[in-house]
Amino acid sequence: MTETKKRIVVVGAGYWGPNLARNFRASADWELAAICDLDETRAQLLADSLGGVPVRTSLADVLADETVDAIAVATPARTHHPIVTAALEAGKHVMVEKPLADDRMRGEDMVALAAERGLVLMADHTYCYTPAVLKIREIIAEGMLGDILFVDSVRINLGLIQPDVDVFWDLAPHDLSILDFVLPGGLDTTSVSAHGSDPLRTGKACVGYLAMPLAGGAMAHVNVNWLSPTKIRQMVIGGTQRTLVWDDLNPQQRISVYDRGVDIDTVSKETTLDRRSANISYRLGDTWSPALPEREALGGVVAEFAAAIREGRPARTSGDAGLRVLAVLDAAQRSLAAGGAPAPMTLDIQPHRTTRGAAA
Numbered sequence: 178m179t180e181t182k183k184r185i186v187v188v189g190a191g192y193w194g195p196n197l198a199r200n201f202r203a204s205a206d207w208e209l210a211a212i213c214d215l216d217e218t219r220a221q222l223l224a225d226s227l228g229g230v231p232v233r234t235s236l237a238d239v240l241a242d243e244t245v246d247a248i249a250v251a252t253p254a255r256t257h258h259p260i261v262t263a264a265l266e267a268g269k270h271v272m273v274e275k276p277l278a279d280d281r282m283r284g285e286d287m288v289a290l291a292a293e294r295g296l297v298l299m300a301d302h303t304y305c306y307t308p309a310v311l312k313i314r315e316i317i318a319e320g321m322l323g324d325i326l327f328v329d330s331v332r333i334n335l336g337l338i339q340p341d342v343d344v345f346w347d348l349a350p351h352d353l354s355i356l357d358f359v360l361p362g363g364l365d366t367t368s369v370s371a372h373g374s375d376p377l378r379t380g381k382a383c384v385g386y387l388a389m390p391l392a393g394g395a396m397a398h399v400n401v402n403w404l405s406p407t408k409i410r411q412m413v414i415g416g417t418q419r420t421l422v423w424d425d426l427n428p429q430q431r432i433s434v435y436d437r438g439v440d441i442d443t444v445s446k447e448t449t450l451d452r453r454s455a456n457i458s459y460r461l462g463d464t465w466s467p468a469l470p471e472r473e474a475l476g477g478v479v480a481e482f483a484a485a486i487r488e489g490r491p492a493r494t495s496g497d498a499g500l501r502v503l504a505v506l507d508a509a510q511r512s513l514a515a516g517g518a519p520a521p522m523t524l525d526i527q528p529h530r531t532t533r534g535a536a537a
């Protein structure tokens with residue numbers, strides 16, 4: 178017996194909404210019930226491009242519709258909390274684009290409410306569903322790299338300078354969500370150091386650097402930049418056995434695994450503590466590049482959302498995963514305010530009953 182498709186409404190027909198709507202429309206798991214946007218003309222253009230989908234301009238009407246099982250939120254981050262909480266209170270499952278919220282405590286409130294209502298709250302961390310990131314997760318889980326020593330991530334390009342968030346909140350969620358997904362301990366850090374600059378005097382950081390100690394003594398470093406004339410999407414993950422390089426802009430060789438590194442054999446500590454007594458050797462081995470399928474990551478996102486609802490489990494990129502990203506961004510803000518001094522990580526997913534605004 179074929180299971181009935183879940184009915185979903187995409188809220189927001191701007192930048193990201195069309196991508197979500199197209200994938201929900203094409204999915205065997207979902208029926209795209211409507212496009213909802215305050216701008217009816219924009220919503221109608223998207224609906225027409227998909228072969229005809231109902232258009233709604235009132236979120237309240239969508240949430241009052243008992244035939245709607247879920248909503249996908251593709252609106253500015255500042256609107257996520259009122260929209261998501263209204264949807265959860267109406268009994269709808271919710272997927273929300275990154276970042277989960279524009280504030281850590283509002284994110285905690287959303288996660289707590291979803292748990293209280295027994296509903297799926299999923300963060301649309303799209304990169305985590307790309308073939309490359311899934312393979313990185315697999316390689317690390319198999320122990321091919323050994324113990325992780327460092328992570329260097331670079332995400333730089335020219336523009337677009339956002340009007341309501343700085344470069345950390347705009348670009349870093351991608352890298353942070355990937356680290357949370359692929360590292361065995363996730364975003365297991367005790368503090369965050371952030372340095373940012375605003376050379377264009379926009380009132381927000383346009384260039385930024387994050388540094389985080391990870392479990393086991395490893396260090397993660399993230400560089401984000403709106404002002405670079407060249408576009409780079411690269412992550413280097415070094416381990417005790419091998420080092421992995423992911424170049425997202427190189428479709429011929431997105432992932433390279435290097436059997437190269439430094440081996441240190443410390444001589445007897447009984448004779449001397451001089452560091453020069455360590456025997457250092459450089460390992461120069463083979464380089465391996467796995468074959469990766471080419472498929473759209475959002476297809477995996479919408480399939481995972483349906484599976485999590487069907488199986489009554491958290492999504493692979495759950496609200497908790499989104500909240501861990503928010504916790505790092507929150508610490509980064511505090512570090513920036515303190516001139517780059519390390520800010521302790523704080524994460525509390527107990528309910529914070531903030532005043533919930535009704536979404537229009």
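Mapping of the sequence shown onto the numbering used here: residues 178 to 537, in sequence order.
Backbone N, C-alpha and C fix where the C-beta goes; we use that ideal spot for every residue, glycine too.
Just so we're clear, the structure is a prediction, and the values are computed from it rather than from any experiment.
Does V297 come out as helix, strand or coil in the three-state DSSP assignment?
To locate residue 297, count along the sequence shown from 1; it is residue 120. It is coil, neither helix nor strand.
Which residues does DSSP list as the beta-bridge partners of F358?
To locate residue 358, count along the sequence shown from 1; it is residue 181. According to DSSP, residue pairing for F358 in a beta bridge does not occur.
Among V230, V310 and R281, whose alpha-carbon lies nearest the alpha-carbon of E473?
Counting from 1 along the sequence shown, the entry for residue 473 is found at position 296. Ranking V230, V310 and R281 by Cα distance to E473 puts V310 first.
Just to confirm, is the Cβ distance from A241 to S354 under 8 Å?
Your numbering for residue 241 matches position 64 in the sequence shown. Your numbering for residue 354 matches position 177 in the sequence shown. No, the Cβ-Cβ distance between A241 and S354 is not below 8 Å.
Which residue comes first and which comes last in the alpha helix (DSSP H) that contains I338?
Within the sequence shown, residue 338 is the residue found at index 161, counting from 1. I338 -> no alpha helix (DSSP H), and no H or E assigned at all.
Spatial neighbours of I325 within its chain, please: CB distance less than 6 Å, with the 5 preceding and 5 following residues excluded, ordered by chain position.
As a working mapping, residue 325 is identified with position 148 in the sequence shown. So the list reads A395 and G416, once near-sequence residues are dropped.
I want to see whether chain D comes within less than 8 Å of D246, judged by CB atoms only; does it?
Absent from the structure is chain D; it holds one protein chain and no more.
Sort A349, L364, I248 and F345 by Cα distance to C213 and report the nearest one.
The residue labelled residue 213 in the question sits at position 36 within the sequence shown. Out of A349, L364, I248 and F345, the CA that lies nearest to the CA of C213 is found in I248.
Opening and closing residue of the beta strand (DSSP E) in which G499 lies:
Counted from its first residue, the sequence shown places residue 499 at position 322. No beta strand (DSSP E) contains G499, which is instead part of the alpha helix (DSSP H) from G496 to A514.
Thinking just about the alpha-carbon of each residue, which of V297, P195 and F358 is nearest to the one in V271?
Within the sequence shown, residue 271 is the residue found at index 94, counting from 1. Of V297, P195 and F358, the residue nearest in Cα terms is V297.
Would you mind working out which of A504, L503, V505 and V479 sits nearest R493, comparing C-alpha positions?
Locating residue 493 in the sequence shown gives position 316, where the first residue counts as 1. Among A504, L503, V505 and V479, the Cα nearest to that of R493 belongs to V479.
Indicate whether V369 and S466 have their beta-carbon atoms separated by less than 8 Å.
Taking the first residue of the sequence shown as 1, we reach residue 369 at position 192. Taking the first residue of the sequence shown as 1, we reach residue 466 at position 289. No, the Cβ-Cβ distance between V369 and S466 is not below 8 Å.
Using the Cβ count rule (16 or more neighbours within 10 Å means buried), how would you classify Y192?
Indexing the sequence shown from 1 puts residue 192 at position 15. Answer is exposed; the Cβ neighbour count stays below 16.
Leaving out five residues before and five after I333 in sequence, what residues of the same chain have Cβ atoms less than 6 Å from its Cβ?
The residue labelled residue 333 in the question sits at position 156 within the sequence shown. So the list reads N402, S405 and I409, once near-sequence residues are dropped.
Please report the straight-line C-alpha distance between A485 and K183, rounded to a whole angstrom.
Here residue 485 refers to the residue found at position 308 of the sequence shown. Here residue 183 refers to the residue found at position 6 of the sequence shown. When rounded, the distance between both Cα atoms is 12 Å.
Tell me which same chain residues have a C-beta within less than 6 Å of the C-beta of V344, skipping the five on either side of it?
Within the sequence shown, residue 344 is the residue found at index 167, counting from 1. Excluding sequence neighbours, V344 sits near A382, C383, G385, V401 and W403.
Where does Q510 land, buried or exposed, given buried means 16+ other C-beta within 10 angstroms?
Locating residue 510 in the sequence shown gives position 333, where the first residue counts as 1. Counting Cβ neighbours within 10 Å, Q510 comes out buried, since at least 16 surround it.
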